Amino acid sequence: NSSAKIAMFFYIVCALFLLNAFANGAETTKFPCYDAGGEQFCLGPKHAGMCNQPDFYNIAETYCSKTCGICTQW
1 NSSAKIAMFF
11 YIVCALFLLN
21 AFANGAETTK
31 FPCYDAGGEQ
41 FCLGPKHAGM
51 CNQPDFYNIA
61 ETYCSKTCGI
71 CTQW
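Mapping of the sequence shown onto full-length UniProt numbering: position 53 corresponds to residue 53, and the numbering continues sequentially without gaps.
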């Protein structure tokens, strides 16, 4: 069960990476303080220390700005 949850988490992360990679021409903006990916999704990367990792930062900023503490407004 635990390994299935971990595998699902990484599938979601990979899907988000792909979405980010194909979102060409997307305008970057400041992100409000909420988790577009949902708190349950964002707790995994936070506890794994991924929020400030270069490969994950854009996803954290877009989908987990509140949980990762990178909000532009509180």
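C-beta atoms are modelled at their ideal positions from N, C-alpha and C, and glycine is treated no differently. Predicted model only: the values in this text are computed from it and were never measured.
Would DSSP call N58 helix, strand or coil? helix
The alpha helix (DSSP H) spanning Q40 covers which residue range? E39 to H47
Once DSSP output is grouped into helix, strand and coil, what is the label at S3? helix
Please state whether DSSP places M8 in a helix, a strand or coil. helix
Smallest Cα separation from E39: which of N20, S65 and C14? S65
So is W74 buried or exposed if we call it buried at 16+ other beta carbons inside 10 Å? Below a pLDDT of 50, predicted positions are generally treated as unreliable, and W74, at 46, falls in that range; the measurement from the model is reported next regardless. Exposed is the call here.
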